[in-house]
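**Q**
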Ligand code: ADP
Ligand code: ASP
Ligand code: MG
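Residue numbers (the working numbering): 945 to 1351.
(1) So, using beta-carbon positions, are residue 1022 and residue 1116 closer together than 7 Å?
(2) Can you tell which of 1010, 1011, 1066, 1123 has the C-alpha that lies nearest to the C-alpha of residue 980?
(3) Given a threshold of 16 other Cβ atoms within 10 Å of its Cβ, counted over all protein chains shown, does residue 1300 qualify as buried or as exposed?
(4) Which residues does DSSP list as the beta-bridge partners of residue 1203?
(5) How is residue 1304 classed by DSSP in three states: helix, strand or coil?
(6) For residue 1207, is the beta carbon positioned less than 6 Å from some heavy atom of ligand 1?
(7) If you check the beta carbons only, do residue 1161 and residue 1145 fall under 7 Å apart?
(8) Cβ atoms of residue 1293 and residue 1324: under 7 Å apart, would you say?
(9) For chain D, is any of its Cβ atoms less than 7 Å away from the one on residue 1135?
(10) Strictly by DSSP, which residues pair up with residue 1260?
(11) Since residue 1326 sits in a beta bridge, which residues does DSSP pair it with?
(12) Measuring only the C-alpha atoms, how far is residue 1258 from residue 985?
(13) What is the C-beta distance between residue 1105 and residue 1042, in whole angstroms, given that I count them as a contact (C-beta under 8 Å)?
(14) For residue 1348 and residue 1118, I'd like the C-alpha separation in whole angstroms.
(15) Tell me where the beta strand (DSSP E) around residue 1353 begins and ends.
(16) What residue does the beta strand (DSSP E) around residue 1172 start on, and which one ends it?
(17) Confirm, please, whether the CB-CB distance from residue 1017 to residue 1076 is below 7 Å.
(18) Quick check: the Cα distance between residue 1165 and residue 1045, rounded to an integer number of angstroms?
(19) Determine, using beta carbons only, whether residue 1271 and residue 1279 come nearer to each other than 7 Å.
(20) Ends of the alpha helix (DSSP H) at residue 1158?
(21) For ligand 2, I want to know if residue 1096 counts as a neighbour, meaning its beta carbon is within less than 6 Å of at least one of the ligand's heavy atoms.
(22) Ignore the nearest five residues each way along the sequence and tell me which others in residue 1058's own chain have a CB closer than 8 Å to its CB.
(23) Looking only at C-alpha atoms, which of 1263, 1201, 1002 sits nearest to residue 1227?
(24) To the nearest angstrom, how far is it from the Cα of residue 1029 to the Cα of residue 1176?
(25) Would the beta-carbon of residue 1214 fall within 7 Å of that of residue 1276?
(26) So what does DSSP say about residue 1095, is it helix, strand or coil?
(27) Contact between the region 993-1013 and the region 1048-1062 is defined here as three or more beta-carbon pairs at a separation below 8 Å; is this criterion met?
(28) My output table needs one value for residue 965: the three-state DSSP class, helix, strand or coil.
(29) Can you tell me which of the three DSSP states residue 1226 falls into?
(30) Going straight from the alpha carbon of residue 1246 to that of residue 1212, what length do you get?
(31) Spatial neighbours of residue 1086 within its chain, please: C-beta separation below 6 Å, excluding the five flanking residues on both sides.
(32) Under the criterion of a Cβ to heavy atom distance below 6 Å, does residue 1129 qualify as lining ligand 1?
(33) What are the boundary residues of the beta strand (DSSP E) that includes residue 1139?
(34) In angstroms, rounded to a whole number, what distance separates the CA positions of residue 1081 and residue 1148?
(35) Could you tell me the boundaries of the alpha helix (DSSP H) in which residue 988 lies?
(36) What is the DSSP secondary structure of residue 1340, reduced to helix, strand or coil?
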């Protein structure tokens, strides 16, 4: 039996918490082989980013990865020392030492493969593996550079390692008891879900529910790995992310509400209304690895149209520079930005078969006096862009309107 467990930043924030986790891990080790993945301690990653920004307005992505990867290396070494002090054999591994190979992209590299040889050898020696999350290494042919997987990426490390080692269980331990109907820090009445489908969790995570990294959920679905999300300090049962359960048609069609305040809107005025104009802009953004979200193109008049889209905080600087350059090439008008916007989404597989959910969502927001700036949908999600001042209230009124506090 092999168990993979991931412990997030707040669960390893100081020496006491590291020791508490080590004690749990040592107990699990009595019954199974264990590989754990750790995040950087507390706010370490944020602090390292802030430090870099004091020295450079546009830090080199390669150097950023080298810097940020140290956070997880420190916590993995400290966790290993704690385990050893409890008499539990353990060894720490960087992403590269664990055999995690990524594409040659910095700050949000995707894992291309994992060579489990070293991990297997250490497990065979009786060690608990303590893997530094959120990082990998490029192939030797690409100079074996250190890469990171994007904010929140330790979850993805854990699921990928579970797959590479063919683990029996994959458990994500964090500072809440599982996946809730919405962020319990905003809505105290939010209800913990016993289970949630990959599809729903993917949409929730993609729209800001940071309890899981969306790429971890994607890998779970791809390789059919059930993922348990639970609290690192209690024995509460947690939430299982897995394929849809039988109750699908008779439960509340809305499963959860996600919000994301780390978004920004970029608008290009007077884009020539000719074939290929939008593609020029989005092609340039894609080349720089910028993910674009809510895209709105207005009805054209006099041969020009306004085009706007949203990007997250991390991509904002690059996106603005790229868009400004292409807008100039296209002879378009001014590029303007709005950083005070936020997204709120309702998610549920039942949405696709129940009409009227958009109406209910928009009415609830209207009654609360919240203005909608733009809208996007998927089959199982409706997302609206609003002013960031309204975000907490929007989450609360929607949670209430869809009666998510009730089972
Ligand atoms: P970790 O450091 O363990 O990776 P994160 O801070 O990344 O933890 O994610 C856990 C946080 O996610 C919680 O503290 C909670 O505030 C937030 N969160 C947002 N949406 C949800 C949700 N639907 N269910 C549970 N937690 C959520
Ligand atoms: N330490 C990284 C971050 O803060 C990765 C993680 O915690 O998953 O984003
Ligand atoms: Mg996280």
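Built from N, CA and C at the ideal position, the CB exists for glycine as well.
The model shown is predicted, which means the values in this text are computed figures rather than measured ones.
**A** Working from what's here:
(1) no
(2) 1066
(3) exposed
(4) 1288
(5) helix
(6) no
(7) yes
(8) yes
(9) The structure shown contains no chain D; it holds only a single protein chain.
(10) Its beta-bridge partners do not exist; DSSP assigns none.
(11) 1290, 1321
(12) 21 Å
(13) 7 Å
(14) 22 Å
(15) It is not possible to answer for residue 1353, since the shown part of the chain is limited to 945 through 1351.
(16) 1171-1175
(17) yes
(18) 21 Å
(19) yes
(20) 1158-1167
(21) yes
(22) 1042, 1043, 1044, 1045, 1104, 1105, 1107, 1108
(23) 1263
(24) 20 Å
(25) yes
(26) coil
(27) yes
(28) helix
(29) helix
(30) 16 Å
(31) 1048
(32) yes
(33) 1139-1141
(34) 29 Å
(35) 988-999
(36) helix
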